[in-house]
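Asks:
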Amino acid sequence: MNFHIHSTWSDGTYTPEVIVKEAIKRKVDKIAITDHYLTKKTASLPPKYLKMYVADLLTLRKKYSKDIDIYIGLEIDFSPRTELDSLPNFEDIDFLLFEYVQDELWDGYPLWRLLELRKRIDRPILLAHNDLSRNFGSGDLNALLRVLEADNIGIELNTNLNYTKLGLPYYRTFDEFFKNMASRDIPVSVGSDMHDSLELIADTGDALSFIQEMHLENNFKLFLKEVEF
Ligand SMILES: [Zn+2]
Numbered sequence: 002m003n004f005h006i007h008s009t010w011s012d013g014t015y016t017p018e019v020i021v022k023e024a025i026k027r028k029v030d031k032i033a034i035t036d037h038y039l040t041k042k043t044a045s046l047p048p049k050y051l052k053m054y055v056a057d058l059l060t061l062r063k064k065y066s067k068d069i070d071i072y073i074g075l076e077i078d079f080s081p082r083t084e085l086d087s088l089p090n091f092e093d094i095d096f097l098l099f100e101y102v103q104d105e106l107w108d109g110y111p112l113w114r115l116l117e118l119r120k121r122i123d124r125p126i127l128l129a130h131n132d133l134s135r136n137f138g139s140g141d142l143n144a145l146l147r148v149l150e151a152d153n154i155g156i157e158l159n160t161n162l163n164y165t166k167l168g169l170p171y172y173r174t175f176d177e178f179f180k181n182m183a184s185r186d187i188p189v190s191v192g193s194d195m196h197d198s199l200e201l202i203a204d205t206g207d208a209l210s211f212i213q214e215m216h217l218e219n220n221f222k223l224f225l226k227e228v229e230f
């Protein structure tokens, strides 16, 4: 499974259909296309194409339903590069990834601003490739877990090399957080942030192992249930 993939709808190299076919070839069960939406950072989906994006992915979902489950996601750059006030409520989107939350290196807005936004967007929301130990490590971890659970904000385990330090993916540098997450209703997903390398379509193995190591199976099931169609 892979719930973080970019296509030609934003800054990815391949069309959704090429990605879907490749995923089937590599025996991936579930994928999400999660293109960038309305950010100045990179090529991204403008609001006027949102309906076409959803229609395109729904067509593929139907066409390939025997072989793979296709989810419709978007990635939001949670920073001044995005006009937050103009975000819709995304009723047709299965889930939203928010990148750079509380990430000062990328001018990310703090988590409390996401809690504000959460009041009017009721789709599943996850923090994408967040370096949690750097961005939240100095605070009260239990308070953070309580907030994530109360506002139903999930965590993505991202295997992309861009999100590693000292050779480890960010999630592997913060065991104390994930060990305490298992007992809470906080959704967890896995993704590789694929843009141009088809190899990365089936590259979430380490994140799936981590789910087992940290006993996060129920958190992962919770995510799957939330995005069910
Ligand atoms: Zn991404």
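According to the numbering used here, the sequence shown is numbered sequentially starting from 2. Every residue gets a Cβ at the ideal spot worked out from N, C-alpha and C, and that includes glycine. Here the structure is a predicted model, which means the values were calculated and not measured.
For ASP93, decide whether its Cβ has a neighbour in chain D, counting only Cβ atoms nearer than 9 Å.
Replies: The structure shown contains no chain D, having only a single protein chain.
Asks: Is LEU59 near ligand 2, in the sense that its beta carbon is under 8 Å from a heavy atom of that ligand?
Replies: Among the ligands in the structure shown, ligand 2 does not appear; only ligand 1 can be found there.
Asks: Does the contact criterion of 3 or more C-beta pairs under 8 Å hold for the region 79-90 versus the region 98-112?
Replies: Judged by Cβ distances under 8 Å, the region 79-90 makes contact with the region 98-112, as three or more pairs qualify.
Asks: Could you tell me whether any non-hydrogen atom of ligand 1 is closer than 8 Å to the CB of ASP197?
Replies: Incorrect: ASP197 has no Cβ contact closer than 8 Å to ligand 1.
Asks: Is DSSP giving PRO17 helix, strand or coil here?
Replies: PRO17: helix per DSSP, three-state reduction.
Asks: Could you pull the start and end residues of the beta strand (DSSP E) that GLY155 belongs to?
Replies: Note, GLY155: beta strand (DSSP E), 154-159.
Asks: Return the bridge partner residues of VAL55 from the DSSP annotation.
Replies: DSSP, once it has assigned bridges, lists no residue as partnering VAL55.
Asks: Count the other C-beta atoms from every protein chain shown that fall within 10 angstroms of the C-beta of ARG258, then say buried if there are 16 or more, exposed otherwise.
Replies: Residue 258 cannot be examined here, being either before or after the span of the chain that is shown, 2 to 230.
Asks: Within the same chain, show all residues whose beta-carbon is closer than 8 Å to that of ASN90, passing over the 5 residues directly before and after it, in chain order.
Replies: These residues qualify, in order along the chain: ARG121, ILE122, ASP123 and ARG124.
Asks: Give the range of the alpha helix (DSSP H) segment to which GLU177 is assigned.
Replies: Run containing GLU177: 176-182, per the alpha helix (DSSP H) assignment.
Asks: Go ahead and pull the three-state DSSP assignment for GLU84.
Replies: Coil, per DSSP.
Asks: Taking 8 Å as the cut-off, is the C-beta of HIS7 nearer than that to any heavy atom in ligand 1?
Replies: Under cutoff, so the answer is yes.
Asks: State the CB to CB distance for the pair THR263 and ILE6, rounded to an integer number of angstroms; the pair is presumed to be in contact (CB under 8 Å).
Replies: No information on residue 263 is available, as it lies outside the stretch 2 to 230 that the chain covers here.
Asks: In or out: GLY74 buried (at least 16 other Cβ within 10 Å) or exposed?
Replies: Buried.
Asks: Count the other C-beta atoms from every protein chain shown that fall within 10 angstroms of the C-beta of PHE230, then say buried if there are 16 or more, exposed otherwise.
Replies: Exposed, since its Cβ has fewer than 16 Cβ neighbours within 10 Å.
Asks: For the candidate residues ASN131, LEU116 and THR160, whose alpha-carbon lies nearest to that of PHE211?
Replies: The option with the nearest alpha carbon to PHE211 is THR160.
Asks: First and last residue of the beta strand (DSSP E) that includes ALA33?
Replies: 31-37 is the extent of the beta strand (DSSP E) around ALA33.
Asks: Mind checking whether the beta-carbon of GLU76 lies closer than 8 Å to any heavy atom of ligand 1?
Replies: Yes - ligand 1 has a heavy atom lying nearer than 8 Å to the Cβ of GLU76.
Asks: Distance check for GLU23 and TYR15, CA to CA, integer angstroms please.
Replies: For TYR15 and GLU23, the distance between alpha carbons rounds to 10 Å.
Asks: Is it the case that the Cβ atoms of MET195 and ASN220 are separated by a distance below 9 Å?
Replies: Result no, Cβ atoms of MET195 and ASN220 do not sit closer than 9 Å.
Asks: Just confirm the distance between the C-beta atoms of PHE178 and LEU133, as a whole number of angstroms; I'd bet it's less than 8 Å.
Replies: Contact flag correct, Cβ pair sits at about 6 Å.
Asks: Use the C-beta contact count for THR205: other C-beta atoms within 10 angstroms, 16 or more gives buried, fewer gives exposed.
Replies: It is buried - the Cβ of THR205 has at least 16 other Cβ atoms within 10 Å.
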